[in-house]
Amino acid sequence: MAITGPRPLPLLAALTAGALLLAGCSSGTGSGSGAAATAGAAGIDEKPVQGGSLTYATDVEPISFDIHVSQQDITGAIQRNVFDSLVHQDDKGEFQPWLAKSWEIAPDLKSYTFHLREDVKFTDGTVFDAEAVKANFDRIVAKETKSQYAASLLGPYTGTEVVDAHTVKVNFSEPFAPFLQAASTAYLGFYSPKAIKENGSKLGAGGPADVGTGPFVFTGYTKGQSAVFTRNPDYNWAPPSANHQGPAYLEKLTIRFLTEDSVRVGALSSGQVQVAEPIPPADVRTVQGDPKLRTIATDAPGANYALVLNTTKAPLDDPKVRKAVQRGIDLDTDIQSVYFGVYKRAWSPIAPSTPYYDKSLEKSWPYDKAAAEKALDEAGWTARDGEGYRTKDGKRLSLEWPLPPAEYVREQRETLGQAIQADLKKIGVEITRPRLDIGTYIANVYGGKEHIADYSWARFDPDVLRLYFNSASKPSTGGQNATFYEDAQLDQWTTTGKGTFDKAVRQDVYTKTQQRAIELGLIVPLYVRTAVVGTGAKVRGLTADPNTWLAFHGAWIAK
Amino acid sequence: MSTGTTGFAEPADTPAPARSSAPRLLRAAARRLLGAAAVLLGAATVAFAALQLVPGDPVTVMLGPGTAATPEVKAAIQEQYGLDRPVPVQYFTYLGHLLTGDLGESYQLQRPVADLIGDQLGPTVQLGAAALGLAVLLALLAAVGTAGRRPALRALSSLAELLAVSSPSYWIGILLLTAFSFQLRVFPVAGDDGFAALVLPAVTLALPVAGMLAQVLREGLETALGKPFVLTARSRGVGSAAVVLRHALRHAAVPVVTLTGWLTGSLLGGAVLVESVFGRPGIGALTLQATTNKDLPLVIGLVLLSALVFVVISALVDLLYLVIDPRLRTD
Numbered sequence: 009m010a011i012t013g014p015r016p017l018p019l020l021a022a023l024t025a026g027a028l029l030l031a032g033c034s035s036g037t038g039s040g041s042g043a044a045a046t047a048g049a050a051g052i053d054e055k056p057v058q059g060g061s062l063t064y065a066t067d068v069e070p071i072s073f074d075i076h077v078s079q080q081d082i083t084g085a086i087q088r089n090v091f092d093s094l095v096h097q098d099d100k101g102e103f104q105p106w107l108a109k110s111w112e113i114a115p116d117l118k119s120y121t122f123h124l125r126e127d128v129k130f131t132d133g134t135v136f137d138a139e140a141v142k143a144n145f146d147r148i149v150a151k152e153t154k155s156q157y158a159a160s161l162l163g164p165y166t167g168t169e170v171v172d173a174h175t176v177k178v179n180f181s182e183p184f185a186p187f188l189q190a191a192s193t194a195y196l197g198f199y200s201p202k203a204i205k206e207n208g209s210k211l212g213a214g215g216p217a218d219v220g221t222g223p224f225v226f227t228g229y230t231k232g233q234s235a236v237f238t239r240n241p242d243y244n245w246a247p248p249s250a251n252h253q254g255p256a257y258l259e260k261l262t263i264r265f266l267t268e269d270s271v272r273v274g275a276l277s278s279g280q281v282q283v284a285e286p287i288p289p290a291d292v293r294t295v296q297g298d299p300k301l302r303t304i305a306t307d308a309p310g311a312n313y314a315l316v317l318n319t320t321k322a323p324l325d326d327p328k329v330r331k332a333v334q335r336g337i338d339l340d341t342d343i344q345s346v347y348f349g350v351y352k353r354a355w356s357p358i359a360p361s362t363p364y365y366d367k368s369l370e371k372s373w374p375y376d377k378a379a380a381e382k383a384l385d386e387a388g389w390t391a392r393d394g395e396g397y398r399t400k401d402g403k404r405l406s407l408e409w410p411l412p413p414a415e416y417v418r419e420q421r422e423t424l425g426q427a428i429q430a431d432l433k434k435i436g437v438e439i440t441r442p443r444l445d446i447g448t449y450i451a452n453v454y455g456g457k458e459h460i461a462d463y464s465w466a467r468f469d470p471d472v473l474r475l476y477f478n479s480a481s482k483p484s485t486g487g488q489n490a491t492f493y494e495d496a497q498l499d500q501w502t503t504t505g506k507g508t509f510d511k512a513v514r515q516d517v518y519t520k521t522q523q524r525a526i527e528l529g530l531i532v533p534l535y536v537r538t539a540v541v542g543t544g545a546k547v548r549g550l551t552a553d554p555n556t557w558l559a560f561h562g563a564w565i566a567k
Numbered sequence: 199m200s201t202g203t204t205g206f207a208e209p210a211d212t213p214a215p216a217r218s219s220a221p222r223l224l225r226a227a228a229r230r231l232l233g234a235a236a237v238l239l240g241a242a243t244v245a246f247a248a249l250q251l252v253p254g255d256p257v258t259v260m261l262g263p264g265t266a267a268t269p270e271v272k273a274a275i276q277e278q279y280g281l282d283r284p285v286p287v288q289y290f291t292y293l294g295h296l297l298t299g300d301l302g303e304s305y306q307l308q309r310p311v312a313d314l315i316g317d318q319l320g321p322t323v324q325l326g327a328a329a330l331g332l333a334v335l336l337a338l339l340a341a342v343g344t345a346g347r348r349p350a351l352r353a354l355s356s357l358a359e360l361l362a363v364s365s366p367s368y369w370i371g372i373l374l375l376t377a378f379s380f381q382l383r384v385f386p387v388a389g390d391d392g393f394a395a396l397v398l399p400a401v402t403l404a405l406p407v408a409g410m411l412a413q414v415l416r417e418g419l420e421t422a423l424g425k426p427f428v429l430t431a432r433s434r435g436v437g438s439a440a441v442v443l444r445h446a447l448r449h450a451a452v453p454v455v456t457l458t459g460w461l462t463g464s465l466l467g468g469a470v471l472v473e474s475v476f477g478r479p480g481i482g483a484l485t486l487q488a489t490t491n492k493d494l495p496l497v498i499g500l501v502l503l504s505a506l507v508f509v510v511i512s513a514l515v516d517l518l519y520l521v522i523d524p525r526l527r528t529d
């Protein structure tokens, strides 16, 4: 008996890459920014209500709650309410003060000096100071921590110097521009040094051992059921741009783990939970039609779900064949019918909410069956076999695009795959989709043995372009360049973009990178995932950070 | 006592009718324990072998595709769990730990397997016991109430049983939730918050079991009711209800007990679905997570647990046979 519907994907930050949580923007379908926006526009004139409790249902339960260890989106999303960061990244991608009042970056980008706020306390009473920063960063890179993600965010970290009680200097062995963005994520949040000392190995288990400085205190966790948070009454250090200052309004926040879509939606519509997400595309219209409910929809940032074409494997080594695949899929129709108009067709490798998105790519490569057929003719695939597929020198034009086991497939991607298969058959291209076990799948796809791979990568930073197209970003070493294409320009642009804070330069190189990736037919972006949150009509002030994660600090429930 | 290797040989010194049943009982118990140990060893071995057959590097599979973990982190994980050592060494190390009662530590949750199972066992035992009790009760009511009479009622009950047996419990769960939680709002949607939250999951888990039990029980009852001893009982003037309850039921009960034992073991499998639909904590949810993440120590711990459950239940079933059927009490 199989559980139908998308499954929870505990580990697959990549395949799913999905920001599992989402974001705010006013209701209706996403207007595009991964911005901090507010739910319940009607609440503007109302006076926020203190107290009360809110239950929020989500589909994935964290495996580890340890922000320094976990690679799961859900861990970061939940713990964002418990842990603060040095800096805050606003919806335009700019960095604002948070636990650091100000900072200086060395001209060689090899060290960052942060001046910390002096009034911040962990919820166990410990003072947040330079020593705390050092203890946390050192813990992340320590071998015993076995960090699956946070350590990679620290990159070429060599150590933290305590300059004085409230000044730290973080050092790197080479220029490291991505550090500010990394420092703004929940994964580089701060545990109380006391908690690290006393419960260092137990922080992944959740509950009161996880002591942070955030607006909520992690008070309880029942595995398989729920996590409970209570207000931190002393909280007074939200980022200046936050929609609310001071302690959270809500007295208590309960997170329920309801993996079944129909159960989660049912719990929301019957009022048993006040916030539920994700709302699957098939249910969005029903929820929107319910007067007791509202939806908040936002486009997830980062790399869109896409077909990544392996340029080293014939016949995809021929750019004409790649272009034919790109133009021969009727994406507008396919995406509309599979996702009920909730997800939008993608035009760039990155989503519109990602900084430096190139809008000029929109509508620049529409479905064009004739052009696709012409490209294949030019490439020499002119003959046809008995089943209508093109052949060249007696060989069929056949591409292998493997399927991982069902539990790794989400968002009805298999159905979308069938539509793509049917479209490409019309131009004489055969797509085969063998189902592989996960071990073979990883070995083949990341070993360059397959024609096509499909994945997305949620991250609020155009640096994902480097991850996807820089030839040094090899899948064998933790990179994501399954195009295996080596291009001096793409390498240079993405490396330049990573190494600078100059906005004009970044704008220039990232625009060129997006255009060139499409032009070379390295990738076929498919859809922009729109994260839809359903809320009860009385929920106000619910916001999302640029990663599209819900923040409950400013949320309250109207009378 | 010089017990031979032939476990079934009768001791030479017991021809005397003097009831030396104590050593005999001990032997029987020892045989049982040995058997149980063999089953557990077998289960641990099969689980270990099955997980070895999963293709690919275990650490990569565990972390999933597209992990940001560096090769160094992978090496550290590999070293910690001894995955870099030869398979036979891993196997015997593992068995050695098992002998000392150490189930190891979960790869992903980084907690001792025994603690994890201990934490999650309560809600599942509660759910399983409630479902089993309910299933047996429903089956008894349906079978006794309709066996051999009231054709219309019997047909209706059979149909209901067939539906219950053939509907996936996942679907039954969603249906019950939609009706009683989302629409009527009698019961909470999910979780482990006391009795009200237990009702729907227990019913979901119990219905297919009840359906199957009722069918077998009714057939047994009807066969028994056709036997000459029933006629004898009737001719003594025993009422029809008493015939069913006192005479036929005992006859029909043996296969039902066997089946109940087997179904009780399978409840653990049903719990995987029911717990995930209802968002309840428990062994089922833990199993789902462990297998999805290829969490070897946890999977083996759970396999051992279910093997243990089967062993205990089959022992109980054997005992019940003796209670029900006097012919089996041979001395």
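Chains A and B supply the protein sequences, listed in that same order.
In the numbering used here, each residue's number is its place in the first sequence (first place is 1) plus 8.
In the numbering used here, each residue's number is its place in the second sequence (first place is 1) plus 198.
The beta-carbon is built from N, C-alpha and C at its ideal position, and this holds for glycine as well.
Please state whether DSSP places Val178(A) in a helix, a strand or coil. It is a strand residue.
Tell me, please, whether the segment 524-542 of chain A touches the segment 311-327 of chain A by the rule of three or more beta-carbon pairs shorter than 8 Å. Because the criterion of three Cβ pairs below 8 Å is met, the segment 524-542 of chain A and the segment 311-327 of chain A touch.
Comparing the C-beta of Arg222(B) with each C-beta of chain A, is any distance below 7 Å? It does not; no Cβ of chain A falls within 7 Å.
What span of residues does the beta strand (DSSP E) with Val536(A) cover, start to end? Where Val536(A) is concerned, the enclosing beta strand (DSSP E) stretches over 531-536.
Do Val219(A) and Ser234(A) come within 7 Å of each other at the CB atom, strictly closer than that value? The beta carbons of Ser234(A) and Val219(A) sit no closer together than 7 Å.
CB contact below 7 Å: Thr258(B) versus chain A: Interface residue, yes.
Backbone CA spacing between Ser110(A) and Thr121(A) [nearest angstrom]: It is roughly 9 Å from the alpha-carbon of Ser110(A) to the alpha-carbon of Thr121(A).
Buried versus exposed, by CB contacts within 10 Å (16 or more), Phe509(A): Exposed is the call here.
Name the two residues that bound the continuous beta strand (DSSP E) containing Arg302(A). Segment 301-307, the beta strand (DSSP E) holding Arg302(A).
Residues of chain A with CB under 7 Å from Ala274(B), in chain order? Per Cβ cutoff of 7 Å: Lys151, Lys154.
Would you give the residue range spanned by the alpha helix (DSSP H) that Gly482(B) belongs to? Under the DSSP assignment, Gly482(B) falls in the alpha helix (DSSP H) whose first and last residues are 481-490.
Go to Ser355(B), then tell me how far its beta strand (DSSP E) extends in each direction, as first and last residue. Note, Ser355(B): premise wrong, no beta strand (DSSP E); alpha helix (DSSP H) at 349-364.
If we count the other Cβ atoms within 10 Å of its Cβ and call it buried at 16 or more, is Gln97(A) buried or exposed? The residue is buried, with at least 16 neighbouring Cβ atoms inside 10 Å.
Looking at Arg330(A) and Leu324(A), is the spacing between their C-beta atoms short of 7 Å? The beta carbons of Leu324(A) and Arg330(A) sit closer together than 7 Å.
Whole-angstrom distance between Arg302(A) and Gly60(A), CA atom to CA atom: Taking the straight line from one Cα to the other gives about 20 Å.
Any beta-carbon of chain B closer than 7 Å to the one on Asn555(A)? Not flagged as an interface residue toward chain B: Asn555(A), since no C-beta distance is shorter than 7 Å.
By Cβ distance below 7 Å, which residues in the same chain neighbour Ala513(B) in space, the five residues on each side in sequence not counted? The beta carbon of Ala513(B) is closer than 7 Å to those of Arg230 in its chain, skipping five residues each way along the sequence.
Report the three-state DSSP secondary structure of Arg283(B) (helix, strand or coil). It is coil, neither helix nor strand.
Are there 16 or more other CB atoms within 10 angstroms of the CB of Gly402(A), so buried, or fewer, so exposed? Exposed is the call here.
Thinking just about the alpha-carbon of each residue, which of Ala446(B), Leu330(B), Phe290(B) is nearest to the one in Val397(B)? When only C-alpha atoms are compared, the closest one is Leu330(B).
Close beta carbons around Val176(A), own chain, < 8 Å, minus the five adjacent residues each side: Answer for Val176(A): Thr121, Phe122, Leu124, Ala138, Val141, Lys142, Thr168, Glu169, Val170, listed in chain order.
List, in order along the chain, the chain A residues whose C-beta lies closer than 7 Å to that of Ala483(B)? Near Ala483(B) (Cβ distances below 7 Å), the residues of chain A are Gly232.
Which residues in chain B sit within 9 Å of Arg280(A), going by Cβ to Cβ distance? Here residue 280(A) turns out to be Gln, not Arg, going by the sequence shown. Near Gln280(A) (Cβ distances below 9 Å), the residues of chain B are Ser379, Phe380, Arg383, Pro386, Val387, Ala388.
Counting only beta-carbon atoms, is Gln324(B) nearer than 7 Å to chain A? Not an interface residue.
Kindly indicate the opening and closing residues of the alpha helix (DSSP H) around Asp313(B). Its alpha helix (DSSP H) spans residues 311-344.
So, does the CB of Gly167(A) fall closer than 7 Å to a CB anywhere in chain B? For Gly167(A), no Cβ of chain B is located within less than 7 Å of the residue's own Cβ.
On the three-state DSSP scale, how would you describe Ser160(A)? When DSSP states are grouped into helix, strand and coil, Ser160(A) belongs to the helix group.
Using the C-alpha atoms, what's the distance from Ser192(A) back to Val77(A)? In a straight line, the C-alpha of Val77(A) is about 17 Å away from that of Ser192(A).
Find the nearest neighbour of Phe136(A) within the set Thr491(A), Glu152(A), Trp106(A), judged by alpha-carbon distance. Residue nearest to Phe136(A) within the set Thr491(A), Glu152(A), Trp106(A) is Trp106(A) (criterion: CA-CA distance).
What does Thr238(A) reach in chain B if we use C-beta pairs closer than 8 Å? None at all; the shortest Cβ gap to chain B is about 18 Å.
When you check each C-beta in the segment 305-329 of chain B against every C-beta of chain A, which residues fall closer than 9 Å? Listed by position, the residues of the segment 305-329 of chain B near chain A (Cβ gap below 9 Å) are Gln306, Leu307, Gln308, Arg309, Leu314, Asp317, Gln318, Pro321.
Do the CB positions of Leu161(A) and Val95(A) come within less than 7 Å of each other? Not in contact: Leu161(A) and Val95(A) (Cβ atoms no closer than 7 Å).
Between which two residues does the alpha helix (DSSP H) carrying Gly499(B) extend? Per DSSP, the continuous alpha helix (DSSP H) segment holding Gly499(B) begins and ends at 494-522.
Please determine if the segment 416-424 of chain B and the segment 443-455 of chain B are in contact, where contact requires at least 3 C-beta pairs separated by less than 8 Å. A contact exists between the segment 416-424 of chain B and the segment 443-455 of chain B.
What residues of chain B sit near Gly274(A), judged by a beta carbon separation below 8 Å? Residues of chain B passing the Cβ test: Leu375, Thr376, Ser379, Phe380, Val387.
Please confirm if the segment 488-508 of chain A is in contact with the segment 428-436 of chain A, defined as three or more CB-CB distances below 8 Å between the two stretches. Of all C-beta pairs linking the segment 488-508 of chain A to the segment 428-436 of chain A, fewer than three are shorter than 8 Å, placing the two stretches out of contact.
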